[in-house]
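Chemist:
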Amino acid sequence: MREDRWRGVAIAGIGLGALAAGPAPAQPAGAGEAIVCESLVELRLLMAGAPGDRAAAASHLAERTGCRRVSRAAIGAVERRAMVGGAPFECLAVREAAGCLWLLP
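The opening residue of the sequence shown carries number 2 in my numbering; numbering runs sequentially from there.
1. Any idea which residues DSSP pairs methionine 84 with across the strands?
2. Thinking C-alpha only, which one of Leu62, Glu39, Met84 is nearest leucine 47?
3. Enumerate in chain order the residues of its own chain whose CB-to-CB distance from tryptophan 79 is below 6 Å, with the five nearest sequence positions on each side excluded.
4. If you draw a straight line from the C-alpha of valine 42 to the C-alpha of alanine 83, how long is it?
5. Are the beta-carbon atoms belonging to alanine 49 and alanine 57 less than 9 Å from one another?
6. Taking just the CA atoms, how far does glycine 53 sit from valine 100?
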């Protein structure tokens, strides 16, 4: 009985570990690229132009001068996190950037 209880905890822990890493963002340009913005405001404006549609958000990149595509290989660890309206956002270290860049979820 006791082993069954711990097995459930271990399984729950695995699930929480997957959630802690955050969802893997799907990018319309290809699996090797991610959309990032210099500020959370720029990212939110990009997202507002195409609610829930990543392909449409990518098509609006020219309108948002602070946003661009970067190689996923250049993305490092999370430097900052924010919650806006119950949605989590992460600012990640990017090799080519001076500071962190906000990742399109």
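Glycine included, C-beta positions come from ideal geometry on N, C-alpha and C. Here the structure is a predicted model, which means the values were calculated and not measured.
Modeler: By the coordinates alone:
1. Pro89
2. Leu62
3. The sequence as given places valine at residue 79; tryptophan does not occur at that position. If we look at valine 79 and ignore the five residues flanking it on each side, its Cβ neighbours are Glu91, Leu93.
4. 12 Å
5. no
6. Valine is not the amino acid found at residue 100; the sequence shown has glycine there. In a straight line, the C-alpha of glycine 100 is about 27 Å away from that of glycine 53.
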